[in-house]
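Residue numbers (the numbering used here), protein chains in the order written: chain A, 826 to 1009; chain B, 826 to 1009. Heads up, the beta-carbon is just placed ideally off N, CA and C, and yes, glycines get one too. These notes concern the structure reproduced below.
Protein chains: 2
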Amino acid sequence: MKNKTMYAVLGVLSLLGPMSGYDIKKFCDKSISYFWNENFGHLYPVLSRLESSGLIARDSPDEAVRRKSYHITDKGAAVLRAWLVEPVEYQPERSELLLKLSFGNRMELEDILAMLEEAKVRNELKYKQLDQIHSYYMGSEDAKKKPQYPFWLAALRYGITSLEASLKWFDETKIFLMDYHKNQ
Amino acid sequence: MKNKTMYAVLGVLSLLGPMSGYDIKKFCDKSISYFWNENFGHLYPVLSRLESSGLIARDSPDEAVRRKSYHITDKGAAVLRAWLVEPVEYQPERSELLLKLSFGNRMELEDILAMLEEAKVRNELKYKQLDQIHSYYMGSEDAKKKPQYPFWLAALRYGITSLEASLKWFDETKIFLMDYHKNQ
DNA sequence: AAACTCATGTAATAGGTTACATGATTCA
DNA sequence: TGAATCATGTAACCTATTACATGAGTTT
């Protein structure tokens, strides 16, 4: 697996213009955390490496400035474009929820149901957040003007669609497992 | 994040009885790869550590036997049970597909569509495989007798439901992006 | 005899997380 | 003035991946 933080940084700088590491992290947290996450401990070293390899550069080379704002260079833009057309790497699935569920006959039914309920509540919360952003997006003339509009909307709908499907599954599964348990 | 390979091993040995590292890997690949994956390079060291900490033990302590079959110990079963009732750890999302899509205005439309088509084809294949297993499961008296039956069925349905939702999204999204592009 | 599957492992590396440290700036 | 937020970074650690190495047994 390649270092994807690097490409995430290049992409964000390319789309949103000059930003600091702190800004990039903030943007991830508030706007794309439903499909992408970064943390400082990895982000800052990657920024240093991107700078020293010339893929990004500081806006003001003044060493005294505390806040380091970066922009993407031509070289960085070329590297980003090359990555974008490469096939999406296969990501081996790892779902702790399904792993635990598959060991369900080593658990009490009530513990399984509690686990499912907890996960469902988490997903409901995420769903509500995405739905709000979606409503905003659909109504905002400002958002529609941005070149990334259709892509961000599509990504948002992926999140919403997946969450809807999972919420339906949680309800069905809880009923299924309760019924099954009763009829044993 | 905790070492989940360890718990996966304990769970599999607990459910399926004595197995070798090779068996566990084979089982992951053929039966649960849609939600769990392991690789040898991690699995074998974890097996060694589990053995030396007494959570699993060799079936035959004969050093000459090449094939090392392990079973779970009482101590291991206790550790497994404790993990099963712990809350599922939050897993930060990282979808390369959605990341690339969100940088869509740095790509050609045809490249985006090709990327989506490729991912869709992959998901269709997975969907067909899961659907076949599901059919087998629903029809097999043998499968129904096993205590893990309802849980494996539920997990299977999670995979199927998610894939269905994603396939629908791929179709909708390709049309949406093409229409949007045409009307610009 | 060659090819394939069974079977176990190690070493190097990458990729990312957690915890810690530090100090400036802004706001109540 | 104290708290919160802004802002950057490092060190230790862990988890997992990749590549490599080895050899037995089985099938074609």
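Using a Cβ-Cβ cutoff of less than 8 Å, which residues in the same chain neighbour Ile985 of chain B once the five nearest sequence positions on both sides are dropped? As a working note, residue 985 of chain B is residue 160 in the second sequence. So the qualifying residues of the chain are Tyr952, Leu955, Asp956 and His959.
Compare the C-alpha of Val910 of chain A against each of B:Leu922, B:Lys900 and B:His896 and name the closest. The residue labelled residue 910 of chain A in the question sits at position 85 within the first sequence. Per the Cα distances, B:Leu922.
Does any C-beta atom of chain A lie closer than 7 Å to the C-beta of Ala784 of chain B? This structure does not reach residue 784 of chain B, given that chain B is present from 826 up to 1009, and the question cannot be answered.
From the DSSP output, read off the bridge partner residues of Ala979 of chain A. In the first sequence, residue 979 of chain A corresponds to position 154, counting from 1. Within the DSSP secondary-structure output, Ala979 of chain A pairs in no beta bridge.
Taking 7 Å as the cut-off, decide whether the C-beta atoms of Leu924 of chain A and Trp861 of chain B are in contact. To locate residue 924 of chain A, count along the first sequence from 1; it is residue 99. To locate residue 861 of chain B, count along the second sequence from 1; it is residue 36. Yes, the Cβ-Cβ distance between Leu924 of chain A and Trp861 of chain B is below 7 Å.
Classify Tyr832 of chain B as helix, strand or coil using the three-state DSSP reduction. One-based indexing of the second sequence puts residue 832 of chain B at position 7. Of the three classes helix, strand and coil, the one that applies to Tyr832 of chain B here is helix, per DSSP.
So if I threshold CB-CB distances at 7 Å, which residues from the region 930-946 of chain A count as touching chain B? Asn930, Arg931, Met932, Asp936, Met940, Glu943 and Ala944
Proximal residues of chain A, C-beta to C-beta of Lys829 of chain B below 9 Å: Taking the second sequence and counting its residues from 1, the one referred to as residue 829 of chain B is at position 4. Those are Arg919, Glu921 and Leu924, listed as they occur along chain A.
Residues near Gly846 of chain A in its chain [Cβ-Cβ closer than 6 Å; skip 5 each side]: To locate residue 846 of chain A, count along the first sequence from 1; it is residue 21. Answer for Gly846 of chain A: Leu868, Tyr869 and Leu872, listed in chain order.
Can you find the residues in the same chain that come closer than 8 Å, C-beta to C-beta, to Leu841 of chain B, ignoring five residues on each side of it along the sequence? Here the question's residue 841 of chain B lines up with position 16 in the second sequence. Same-chain partners within the cutoff: Phe852.
Could you give the DSSP three-state label for Ser856 of chain B: helix, strand or coil? Working through the second sequence from its first residue, we reach residue 856 of chain B at position 31. Helix, per DSSP.
Compare the Cα-Cα distances from Ser878 of chain B to each of B:Ser885, B:Leu938 and B:Asp899 and report the closest residue. Counting from 1 along the second sequence, the entry for residue 878 of chain B is found at position 53. Comparing Cα-Cα distances from Ser878 of chain B to each of B:Ser885, B:Leu938 and B:Asp899, the minimum goes to B:Asp899.
Integer Cβ distance of Glu876 of chain B from Tyr895 of chain B, believed to fall under 8 Å: Here residue 876 of chain B refers to the residue found at position 51 of the second sequence. Here residue 895 of chain B refers to the residue found at position 70 of the second sequence. The C-beta separation of Glu876 of chain B from Tyr895 of chain B comes to about 7 Å, placing the pair in contact by the 8 Å criterion.
Using only alpha-carbon positions, find the residue among B:Ser839, B:Gln1009 and B:Leu905 that is nearest to Lys970 of chain A. Indexing the first sequence from 1 puts residue 970 of chain A at position 145. It is B:Gln1009 whose Cα lies nearest to the Cα of Lys970 of chain A.
On the DSSP bridge list, what partners appear for Ile881 of chain A? Numbered from 1 along the first sequence, position 56 holds the residue referred to as residue 881 of chain A. Paired residue(s): A:Ile897.
Who are Ser845 of chain A's beta bridge partners in DSSP? The residue you call residue 845 of chain A lines up with position 20 of the first sequence. Answer is A:Ser894.
For Leu880 of chain A, count the other beta carbons within 10 Å of its own beta carbon; 16 or more makes it buried, fewer makes it exposed. Which is it? Position 55 of the first sequence, counted from the first residue, corresponds to residue 880 of chain A. Flag for Leu880 of chain A reads buried.
Contact residues within the region 832-860 of chain A, judged by C-beta distance below 8 Å to chain B: Under the 8 Å Cβ criterion, the region 832-860 of chain A contributes Tyr832, Ala833, Gly836, Ser839, Leu840, Ile857, Ser858, Tyr859 and Phe860.
With burial defined as no fewer than 16 other Cβ atoms inside 10 Å of the residue's Cβ, what is the status of Ser965 of chain B: buried or exposed? The count along the second sequence starts at 1 and reaches residue 965 of chain B at position 140. Ser965 of chain B should be labelled exposed.
Just tell me which of A:Glu918, A:Tyr832 and A:Asn864 has its CA closest to the CA of Val904 of chain A. Working through the first sequence from its first residue, we reach residue 904 of chain A at position 79. Nearest option by C-alpha distance: A:Tyr832.
Take Leu938 of chain B and list the residues in its own chain whose beta-carbon comes closer than 8 Å to its own, dropping the five residues that flank it on each side. Taking the second sequence and counting its residues from 1, the one referred to as residue 938 of chain B is at position 113. These residues qualify, in order along the chain: Lys999, Leu1002 and Met1003.
Chain B contact for Leu880 of chain A (CB, 7 Å cutoff): In the first sequence, the residue the question calls residue 880 of chain A occupies position 55. Chain B, which has no Cβ nearer than 7 Å to the Cβ of Leu880 of chain A, makes this no.
What is the DSSP secondary structure of Tyr915 of chain A, counted as helix, strand or coil? Position 90 of the first sequence, counted from the first residue, corresponds to residue 915 of chain A. Coil, per DSSP.
List the whole-angstrom C-beta distance separating Asn948 of chain B from Leu988 of chain B, where the pair is believed to meet the contact cut-off of C-beta under 8 Å. For the purposes of this step, residue 948 of chain B is taken as residue 123 along the second sequence, with counting starting at 1. For the purposes of this step, residue 988 of chain B is taken as residue 163 along the second sequence, with counting starting at 1. Indeed they touch by this definition, with Cβ atoms about 5 Å apart.
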